[in-house]
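One structure is given below, encoded as structure tokens.
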Amino acid sequence: MKFDNPVPVTTIAQLIGAEVSGNTHEMVTGINEIHKVEKGDLVFVDHPKYYGTCLNSAATFIIINKKIDCPENKTLLIVDEPFEAYLKIINFYRPFTPSMKWISDTAFLGEGTIVMPGVYIGDEVHIGKNCVIHPHVTILDHCLIGDDVIIQSGTVIGSDAFYYNKKTNRDIHYKKMTSCGRVLIENAVEIGANCSIDRGVSHDTVIGAGTKMDNLIHIGHDTVIGKNCLFAGQVGIAGGTTIEDNVILWGQVGVSKTLTIGKDAVVYAQSGVKDSIAGGKVYFGSPVEEAKEKMKEFVWIKRIPLLWEKVMGKKV
Amino acid sequence: MKFDNPVPVTTIAQLIGAEVSGNTHEMVTGINEIHKVEKGDLVFVDHPKYYGTCLNSAATFIIINKKIDCPENKTLLIVDEPFEAYLKIINFYRPFTPSMKWISDTAFLGEGTIVMPGVYIGDEVHIGKNCVIHPHVTILDHCLIGDDVIIQSGTVIGSDAFYYNKKTNRDIHYKKMTSCGRVLIENAVEIGANCSIDRGVSHDTVIGAGTKMDNLIHIGHDTVIGKNCLFAGQVGIAGGTTIEDNVILWGQVGVSKTLTIGKDAVVYAQSGVKDSIAGGKVYFGSPVEEAKEKMKEFVWIKRIPLLWEKVMGKKV
Amino acid sequence: MKFDNPVPVTTIAQLIGAEVSGNTHEMVTGINEIHKVEKGDLVFVDHPKYYGTCLNSAATFIIINKKIDCPENKTLLIVDEPFEAYLKIINFYRPFTPSMKWISDTAFLGEGTIVMPGVYIGDEVHIGKNCVIHPHVTILDHCLIGDDVIIQSGTVIGSDAFYYNKKTNRDIHYKKMTSCGRVLIENAVEIGANCSIDRGVSHDTVIGAGTKMDNLIHIGHDTVIGKNCLFAGQVGIAGGTTIEDNVILWGQVGVSKTLTIGKDAVVYAQSGVKDSIAGGKVYFGSPVEEAKEKMKEFVWIKRIPLLWEKVMGKKV
């Protein structure tokens, strides 16, 4: 998430009660998670295991719970609880201010776009030209939608990430990580009925141009989907995952988080993808293998009784 | 379901045309299913197989299709068709009277609670403080929602149970069991987009405090979910099931009816839970086994060709 | 899809720029896909592999990309791109003209039918007597609903088919096949919350009388479901499939396209049906087998370690 305007690091430090270590004259351009962070951005880290990743990231500003040695081009903001500091920044610079109109005055609708009854469009939403938004669609704040997009009834664009910080030592068990990211839907995307596409936690969930989705599909936060993919009904994809171009996922496929499915891969129905898989191949199973290997396995299993008879000298 | 006020048993008997056997001077406090019934309540039974269970239950009043011997503290209401009698009572004491306003005048909204556009809230709904109810949420009659609850767009709270009485000897095949129960959502629960949570048939579906659910989740009638559970996207749980505290269900897990998942259990994605499983362990598979056993099984299957070669003296 | 009135074949030919080969004096009654086509209807074909099927179908008129020999009772409409010609006809005779009212003036609601707040009902929809349409249901143009039907909140009836024509040699990758079919819901059907039932591409999706569906179910285009079926939560059925009477599908079952499930079949939870299966049996697995065979397989897999020990002379 980028701030509307750059903010002095001292202003941020004051907001979160941080000690600043490093250059105090720089401007902060936004806040983001470690994999998506850019120069000028803030990240936060609260576990020594990830200190190194932060120091080596593009982030200019690091909210951290310990004063450590760091390169000259980084500035540390030291606080006791980086996660709480992150929430404070998000809630200050992108507070949840629910629009109480069906279609916000700050939403933009391109020429030729049809918005049917019962559609909710939040603040700062931008929808391109010649789209059809069917009844009962919900498009939440800050989402961007290209041209020639069709969204069928009941679908929700920009629901909050399913992302919690575990707090076992308190009366609160899971604390919600406020979502401040967006959903970007590129041109000629078509999305079926009653789907849900979560916004990024602090970056963007992206649906690439020409991708078509069937009904009742779930796409997690910060997932990036390539161009011209086809997803059949009830597919579910967790957060932070990358699906490259032309991938086909058949019905009820599940895909785990933060992995990559390579270009042109095809995954058969009801399969479960738990690790990254290479492009250009066909997969099946839960967890998936190459489909032709999985098919052989079914044949082998059927041969066990024959083996048993041969080895044990009798049928069971 | 409790009646608004206790009703003389003779009034109930007259309504359903029952012969009363036992104390005719008592008051009926409610009607409920056999597992949830309390002293003063009615139950119904139409198969000799379940007569004993009813006689040994807490129920004070039993609608039954045969005059049988029974303890002194029970009263029988004898009718030809107990199921029809049950429906008659429900339809009389809790008739379906759809509220035709977006937000019923009899709904209560606590301080600080935000209700966004396009939300439907039925009769006698009570929502606590500081909740956020996103666009297009449906909360049906009699549901109770605690404080600090977030419900995302398109979710339905209090849909009818999927519960039918089979009538093979008639022109009607399945007869709907009218739902008169509720959904109780405790404090700090968060529910994703496009979920559905069915009301209890005659008792309550409960979502325990601090539990967080992702999108497109289905929770069946009378299911009771503990505190601080985490359910990922597209999980489905059938009716009458108990999920204890801190259970984690990953994406697309399916859970069958009337079973128990013990405290702190973790079930990996796409697994199917068909019988009760103990707490404190990690599970995988459809049907589930302990995950480490299931993982070994995958390795064993891959060894079949080697066994075959050794035993048969040749590759296939 | 039938035209409102029969259209001279020369009018159609002019609309799509076709050369007519055969009888030019006949009237075209409708347009349909090859499996559903009737006398008087148009079909289209663009691959020689399917020329024969078209010539042997009931279709009177064939839009085709090559002049071929054909029987006297068929008329060819020859164009370079039959798919584009098909779209042109659909878009001319059944253009997408979104109704901008919550309930269209051309919709019909039978006596005793309750339509709750936030329901969208499109053009030419017909709903029978004594139905209950819960809040936030969407019923799109031309769908027909019988008597005593219950549709729970958030469900979408008549969403577009997930049906695309692949165009690899162009800047457009998948081209949407405009849906002009309907959904027909027969008497006493009950549909749960947040389901989606796609309309037929050019014919009808049918839900047979007395069938009951739980929540979050997806039914594809042109699928025909028999009478008195029971589908539990999160079942998904692809397009063009036939489910005969009294079929029971338990939770999260997936069914592939254009197959048949025979009468009285039962499919256990999370199973995947990829080919037609006979009626009267019980199935399990992904892909399904008869449940009792599948259960044996689980036992056999557990015996592999014993076989290994016997053959290899040692434990692993």
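Residue numbers (this note's numbering), protein chains in the order written: chain W, 1326 to 1641; chain Z, 1326 to 1641; chain E, 1326 to 1641.
Each residue gets a CB set at the ideal place from its N, CA and C atoms; glycine is no exception.
The structure displayed is predicted, hence computed values, not measured ones.
Reduced DSSP secondary structure (H/G/I, E/B, other) of residue 1369 of chain Z: strand
Contact set between residue 1463 of chain Z and chain E, taken where Cβ atoms lie within less than 7 angstroms: 1460, 1461, 1478 and 1479
Residue-level contact to chain W via CB, residue 1523 of chain Z, 8 angstroms cutoff: no
Alpha-carbon to alpha-carbon, residue 1445 of chain Z and residue 1426 of chain W: 15 angstroms
Helix, strand or coil at residue 1604 of chain E according to DSSP, with G and I counted as helix: coil
Contact set between residue 1386 of chain Z and chain C, taken where Cβ atoms lie within less than 8 angstroms: No chain C is part of this structure, whose protein chains are labelled W, Z and E.
Length at least 3, wholly inside the region 1496-1578 of chain W: the beta strand (DSSP E) runs in chain order: 1499-1501, 1507-1510, 1521-1523 and 1529-1532
As assigned by DSSP and simplified to three states, the class of residue 1413 of chain Z: helix
Chain-ordered chain E contacts of residue 1504 of chain Z [CB-CB under 8 angstroms]: Near residue 1504 of chain Z there are no residues of chain E at all, since even the closest Cβ is about 11 angstroms away, more than 8 angstroms.
Same chain, Cβ closer than 8 angstroms to residue 1373 of chain E, neighbours up to 5 away in sequence not counted: 1391
Cutoff 7 angstroms; reference residue 1332 of chain W; Cβ partners in own chain excluding five residues on either side: 1352 and 1353
Reduced DSSP category for residue 1407 of chain W - H, G, I as helix; E, B as strand; rest coil: helix
Inter-residue CB distance, residue 1480 of chain Z and residue 1519 of chain Z (contact presumed, cutoff 8 angstroms): 6 angstroms
For residue 1487 of chain E and residue 1469 of chain E, the rounded distance between their alpha carbons: 21 angstroms
Contact belief for residue 1402 of chain Z with residue 1386 of chain Z at Cβ below 8 angstroms, rounded distance in angstroms: 6 angstroms
Where the alpha helix (DSSP H) through residue 1634 of chain W begins and ends: 1629-1637
For residue 1352 of chain W, the residue or residues it bridges with in DSSP: W:1333
Members of the region 1622-1640 of chain Z near chain W, C-beta cut-off 9 angstroms: 1623, 1626, 1627, 1629, 1630, 1632, 1633, 1636 and 1637
Minimum C-alpha distance to residue 1604 of chain Z - residue among Z:1610, Z:1612, Z:1585 and Z:1436: Z:1585
Partner residues on chain W for residue 1555 of chain Z, Cβ-Cβ distance less than 9 angstroms: 1487, 1489 and 1499
Contact test: residue 1342 of chain Z Cβ vs the ligand GDP heavy atom, cutoff 7 angstroms: The ligand GDP is not among the ligands present in this structure, which contains no ligands whatsoever.
Any C-beta of chain Z under 8 angstroms from that of residue 1455 of chain W: no
Chain E residues whose Cβ lies nearer than 9 angstroms to that of residue 1398 of chain Z: By Cβ distance, chain E contributes nothing, its closest Cβ being about 38 angstroms from residue 1398 of chain Z, past 9 angstroms.
Residue-level contact to chain Z via CB, residue 1339 of chain W, 8 angstroms cutoff: no
Neighbouring residues, chain E, relative to residue 1581 of chain Z (Cβ below 9 angstroms): 1575, 1576 and 1594
Range of the contiguous beta strand (DSSP E) that encloses residue 1483 of chain E: 1481-1484
Cross-chain neighbours of residue 1541 of chain Z in chain E, by beta carbon under 9 angstroms: 1519, 1541 and 1559
Beta-bridge pairing of residue 1400 of chain W - partner residues as DSSP gives them: W:1386
Interface residues of chain W facing residue 1563 of chain E [CB-CB closer than 8 angstroms]: 1557, 1558 and 1576
Run of the beta strand (DSSP E) containing residue 1489 of chain E, from where it starts to where it stops: 1489-1491
Per DSSP, the bridge partner or partners of residue 1451 of chain Z: Z:1433 and Z:1469
Between the CA atoms of residue 1506 of chain E and residue 1400 of chain E - distance to the nearest angstrom: 24 angstroms
Where the alpha helix (DSSP H) through residue 1379 of chain Z begins and ends: 1376-1380
Cβ pair residue 1552 of chain Z, residue 1536 of chain Z closer than 8 angstroms: yes
Chain-order list of residues whose beta-carbon lies under 6 angstroms from that of residue 1432 of chain Z (same chain, five-residue window excluded): 1446 and 1450
Endpoints, beta strand (DSSP E) assigned at residue 1344 of chain Z: 1344-1346
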